[in-house]
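Protein chains in written order, with full-length UniProt numbering: chain A, 1 to 459; chain B, 1 to 459.
Here a beta-carbon is modelled for each residue, glycine too, at the ideal position from N, C-alpha and C.
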């Protein structure tokens, strides 16, 4: 005990401001208690089990919102309510693919979000293979007339998940590019790093004026199979992909507060997204993010009423275009937000943190470094970026802290049927809660003013 | 070189008979050359890619037989031909399951082989949960009237795969037992050890007089989901499982020989099964077994014409009841078989071997121990058993040698959509070929007579 107090005192001496609302020792207590957390698991298990998949603007997502209000109220949050907005709805239909001819066999596919339809009659067409998005881009105009473009890639797992940005373009941009060159449909190798017969869905984007065509992901083993077949000679496929655009419907955010003692000190927003893709039950994406941030807020509040309001938002409709995040930023633009953070990269352990803080509040990062070190979390050198749902708030000049999770297996599961509760490691989930609780205990009680960030200069 | 010759000479001195048709050094050369094998991969890749799934008695299995004749002929085998037989055909239909009510969600299922049908109208019924087959057996007669029995279990991976015998009874016997107690349908937790949304199919068996009901496997994550839901209260499911019995059709074995120089010394049969389940492409089950044994025969023959005929059989219709093995034994009962071995447990490394040899031929096991030691293969203490396809031959008093593969991940993949080529580790596949080639080089050239085994005493 003596040694611990001594270390706390030493840490306190190193701090820039003496008038901390909480000491390093108190933060350590919050952190260590959060390592025994049960709330994050309870929320993750409950949402994935009692609701299951929660596709944006469906009745399942609405059920999840009602579930959220009940749960957040039971957990003692204040001002728990739903804020709705309207958005376009896209619903998966039939999706089958089969090789025709002497190697007749079925392939496993899943339509990409916002895919067009082949229509009631299956499409029969030849496959045009592209080893990369660049190869597709290089194809002459009109050269894909009536064909099924098949776009391959070479994504591998990385700890920081950085390949998703680069290879994700195959999914986001590939179908639209193929359509402009005359393709009748598009298949992509799933933007994933696993080897299971579970395709990875995710949205694709149609350039202005491009009519959606059928666009689907092959599971990685099926994509590799099709590559082997294409290498042997021309491949004819029969493809049926019949999703539907269903007009507009209601989606919404669930919002809950732990009110702060000093309204002038601003609001800290944390959260995850409540919606999921329709193939799995959205455990790593993103029930766990919702669970981690909700649990962390409760642990941070165990120090007593925080100086700043901690607001937990369970964002709706992230997967299909970030509608919830945009709606929140619009509705709450006049409030003083000082920090905004989202957990949306699974539930494997946090290994690094980064900050984007205004000059006068940089000491928060130093205190956080001390608090997170015992969790095995190092300080990174880059500037923190937020998740999809908080980007509209960050764009207003709000600071952020990134608690970066290990992404090595994230893209094994991301957007697949395999995103289910059994993929959550309870011990790593609790480490996440401890990191987030430490961060909130420090930031919500920081004596410094957390000012707006200066506008970013164009690069 | 001197040291190597010395070792070979020492090994030769220890042998019971001096007149070996090949020395330990020659066997070592076969073994080491087989570690560079390309044929097993070529066969495995070709069958799984060019044919894909090969369900028994379907046109796909027929295409696979034609493929086999072409391949075995090209590889230089003699007497390559197909032997056909007729058998009942069972074909998968629609298979959907969804939870009704406030936790409405879809579950992933696959019908078990020989499942009955729910009929055109989906079945809506309550789930009756049983934690084990024993619990189901203890349920009172008539207590499952109109319900969907859900049988759980606790199978875990083992190196020798031994849990399959015990827990496999949930699949083999569970549905029939549930039907006798009045169940309208049966769901089982997949007999598997993975956590992917890919159900494990496999045959179920109906006791005499029991009419087939719909019987399907939930993927392991879905089974765990249903357990969590059942723990919360009664669960109502909507189930549609519509496979069909299609009468009789043709299946067949593909047979190829490397004729021996001494017809009186008997035939050694090796092989795997050509058919597969319909969900994956049957890479580990059992294209690799076909590839390993075919390649091994060729490597063994590099020593020159063997004393005994090595016969490679690509058995048909193993999965659905061992029709090919039974047909082979019946058609060839009058030939002198001295050993019969099947590779049907994937393509992970061989870690142990066992024998069941007549008294006068036990030295074959000793020579094999020397040959396999450098491959990391130990000698086991139990008596070898054959695979499904060679059991009818073994029952005639024929000896066998078991080259036991590591089964730790076999039941992650077994009978699932995930049984695809990417699951084959080429290095481990070659280690298998080396083990089988060593065994064939020794056994096919053994100077000892390999007599019939004495009849087994009843236990």
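For this session: Indicate whether residue 356 of chain B and residue 314 of chain B have their beta-carbon atoms separated by less than 8 Å.
Result: Here the question's residue 356 of chain B lines up with position 356 in the second chain. Here the question's residue 314 of chain B lines up with position 314 in the second chain. No, the Cβ-Cβ distance between residue 356 of chain B and residue 314 of chain B is not below 8 Å.
Exercise. Under 7 Å Cβ-Cβ, which residues of chain B neighbour residue 422 of chain A?
Worked result: Translated into positions along the first chain, residue 422 of chain A becomes position 422. Under the 7 Å cutoff, chain B gives 195, 221 and 224.
For this session: Measure the alpha-carbon distance for residue 228 of chain B versus residue 430 of chain A and round it to whole angstroms.
Result: The residue you call residue 228 of chain B lines up with position 228 of the second chain. The residue you call residue 430 of chain A lines up with position 430 of the first chain. The alpha-carbon atoms of residue 228 of chain B and residue 430 of chain A are separated by roughly 21 Å.
For this session: Could you tell me whether the Cβ of residue 417 of chain A comes closer than 8 Å to any Cβ of chain B?
Result: Reading the first chain from its first residue, position 417 is the one you call residue 417 of chain A. Under the Cβ criterion of 8 Å, residue 417 of chain A is counted among the residues facing chain B.
Exercise. Hey, out of B/320, B/240 and B/119, whose CA is closest to residue 55 of chain B's CA?
Worked result: Position 55 of the second chain, counted from the first residue, corresponds to residue 55 of chain B. Of B/320, B/240 and B/119, the residue nearest in Cα terms is B/320.
Problem set entry | Continuous beta strand (DSSP E) stretch holding residue 132 of chain B: start and end | The count along the second chain starts at 1 and reaches residue 132 of chain B at position 132. DSSP places residue 132 of chain B outside any beta strand (DSSP E), giving it a letter other than H or E.
Exercise. So residue 125 of chain A packs on residue 237 of chain A, CB below 8 Å; how close in whole Å?
Worked result: Position 125 of the first chain holds residue 125 of chain A. Position 237 of the first chain holds residue 237 of chain A. With 8 Å as the limit, residue 125 of chain A and residue 237 of chain A qualify as a contact, their Cβ atoms being about 6 Å apart.
Problem set entry | Three-state class that DSSP yields for residue 77 of chain A in the structure shown | In the first chain, residue 77 of chain A corresponds to position 77, counting from 1. DSSP places residue 77 of chain A in coil when its eight states are reduced to three.
Exercise. With a CB to CB cut of under 7 Å and the five nearest residues on each side skipped, what residues in its chain are close to residue 300 of chain B?
Worked result: Residue mapping note: residue 300 of chain B aligns to position 300 of the second chain, counting from 1. Here the set comprises 30, 306, 310, 437, 440, 441 and 444.
Exercise. Is it buried or exposed for residue 449 of chain A, if we count other Cβ within 10 angstroms and need 16 for buried?
Worked result: Here residue 449 of chain A is taken as the residue at index 449 of the first chain, counted from 1. By the 10 Å Cβ count, residue 449 of chain A comes out exposed.
Exercise. So residue 390 of chain B is in the alpha helix (DSSP H); what residue range does that whole segment cover?
Worked result: Counting from 1 along the second chain, the entry for residue 390 of chain B is found at position 390. Neither: residue 390 of chain B is in no alpha helix (DSSP H) and is coded neither H nor E.
For this session: Spell out whether any CB of chain B is found under 8 Å from the CB atom of residue 51 of chain A.
Result: Locating residue 51 of chain A in the first chain gives position 51, counting from the first residue. Judged by the 8 Å Cβ criterion, residue 51 of chain A is in contact with chain B.
Problem set entry | Cβ pair residue 136 of chain B, residue 151 of chain B closer than 8 Å | Here residue 136 of chain B corresponds to residue number 136 of the second chain, with the count starting at 1. Here residue 151 of chain B corresponds to residue number 151 of the second chain, with the count starting at 1. Against a cut-off of 8 Å, the Cβ pair of residue 151 of chain B and residue 136 of chain B comes out as a contact.
Exercise. On the premise that residue 289 of chain B lies in contact with residue 240 of chain B, defined as a C-beta separation below 8 Å, what is that separation, rounded to the nearest angstrom?
Worked result: Here residue 240 of chain B is taken as the residue at index 240 of the second chain, counted from 1. Here residue 289 of chain B is taken as the residue at index 289 of the second chain, counted from 1. Contact doesn't hold; Cβ gap of about 35 Å is too wide.
Problem set entry | Own chain, CB closer than 7 Å to residue 335 of chain B, minus 5 neighbours either side, in chain order | For the purposes of this step, residue 335 of chain B is taken as residue 335 along the second chain, with counting starting at 1. Correct list, in chain order: 267.
Exercise. Who are the neighbours of residue 103 of chain A on chain B, taking C-beta pairs under 8 Å?
Worked result: The sequence position of residue 103 of chain A within the first chain is 103, counting from 1. The contacting residues are 49, 50, 51 and 52.
Problem set entry | Closer than 7 Å at the beta carbon, the chain B residues around residue 108 of chain A | Working through the first chain from its first residue, we reach residue 108 of chain A at position 108. Scanning chain B for C-beta atoms nearer than 7 Å to the C-beta of residue 108 of chain A yields 417, reported in chain order.
Exercise. Using the beta-carbon of each residue, which ones in chain B are nearer than 8 Å to residue 357 of chain A?
Worked result: If you number the first chain from 1, residue 357 of chain A lands on position 357. Chain B residues near residue 357 of chain A: none, gap ~40 Å exceeds 8 Å.
For this session: Could you tell me whether any Cβ in chain B is nearer than 8 Å to the Cβ of residue 408 of chain A?
Result: Here residue 408 of chain A corresponds to residue number 408 of the first chain, with the count starting at 1. So, not an interface residue.
Problem set entry | The beta strand (DSSP E) enclosing residue 180 of chain B, as first and last residue numbers | Translated into the one-based positions of the second chain, residue 180 of chain B becomes position 180. Annotation: residue 180 of chain B is outside any beta strand (DSSP E); the continuous alpha helix (DSSP H) that includes it extends over 174-180.
For this session: Taking residue 108 of chain B and residue 421 of chain B to be in contact with their CB atoms under 8 Å, please state how far apart those CB atoms are, rounded to whole angstroms.
Result: Mapped onto the second chain, residue 108 of chain B falls at position 108. Mapped onto the second chain, residue 421 of chain B falls at position 421. The pair is not a contact, with the Cβ atoms about 23 Å apart (cut-off 8 Å).
For this session: May I ask you to list, following chain order, the residues of the segment 227-239 of chain A that have a beta carbon less than 7 Å from some beta carbon of chain B?
Result: 228 and 229
Exercise. Which of the three DSSP states, helix, strand or coil, is assigned to residue 503 of chain B?
Worked result: With chain B represented from 1 up to 459, any question about residue 503 of chain B goes unanswered, as that position is not in the structure.
Exercise. Should residue 198 of chain B be flagged as near chain A, meaning a C-beta pair shorter than 8 Å?
Worked result: The residue given as residue 198 of chain B occupies position 198 in the second chain. It does: the Cβ of residue 198 of chain B has a partner Cβ on chain A nearer than 8 Å.
Exercise. Does the distance from the CB of residue 354 of chain A to the CB of residue 404 of chain A come in under 8 Å?
Worked result: Within the first chain, the letter at position 354 stands for residue 354 of chain A. Within the first chain, the letter at position 404 stands for residue 404 of chain A. In this structure, residue 404 of chain A lies closer than 8 Å to residue 354 of chain A by Cβ.
Exercise. Can you give the beta carbon distance from residue 407 of chain A to residue 159 of chain A, rounded, assuming they're within the 8 Å contact cut?
Worked result: Translated into the one-based positions of the first chain, residue 407 of chain A becomes position 407. Translated into the one-based positions of the first chain, residue 159 of chain A becomes position 159. Rounded, the Cβ-Cβ distance is 6 Å, consistent with contact.
Problem set entry | Expected contact under 8 Å - CB spacing of residue 176 of chain A and residue 220 of chain A to nearest Å | For the purposes of this step, residue 176 of chain A is taken as the residue at position 176 of the first chain. For the purposes of this step, residue 220 of chain A is taken as the residue at position 220 of the first chain. Their Cβ separation, rounded to whole angstroms, is 23 Å, which puts residue 176 of chain A and residue 220 of chain A out of contact at 8 Å.
Problem set entry | Whether residue 93 of chain B touches residue 199 of chain B by CB criterion (8 Å) | Within the second chain, residue 93 of chain B is the residue found at index 93, counting from 1. Within the second chain, residue 199 of chain B is the residue found at index 199, counting from 1. It is not a contact, given that the beta carbons lie outside the stated cut-off.
Exercise. In terms of residue numbering, what span does the alpha helix (DSSP H) encompassing residue 230 of chain A cover?
Worked result: Here residue 230 of chain A refers to the residue found at position 230 when the first chain is read from its first residue. For residue 230 of chain A, the enclosing alpha helix (DSSP H) covers residues 220-232.
For this session: Quickly, what does DSSP pair residue 315 of chain A with across the bridge? List them, please.
Result: The residue you call residue 315 of chain A lines up with position 315 of the first chain. Its beta-bridge partners are A/273.
Exercise. Rounded to a whole number of angstroms, what is the C-alpha to C-alpha distance between residue 165 of chain B and residue 180 of chain B?
Worked result: Indexing the second chain from 1 puts residue 165 of chain B at position 165. Indexing the second chain from 1 puts residue 180 of chain B at position 180. When rounded, the distance between both Cα atoms is 23 Å.
Exercise. Nearest-angstrom Cα distance between residue 348 of chain A and residue 424 of chain A?
Worked result: Stepping through the first chain from its first residue, residue 348 of chain A is reached at position 348. Stepping through the first chain from its first residue, residue 424 of chain A is reached at position 424. Rounded to the nearest angstrom, the two C-alpha atoms are 8 Å apart.
Exercise. From residue 129 of chain B to residue 257 of chain B, what distance separates their C-alpha atoms?
Worked result: Here the question's residue 129 of chain B lines up with position 129 in the second chain. Here the question's residue 257 of chain B lines up with position 257 in the second chain. When rounded, the distance between both Cα atoms is 52 Å.
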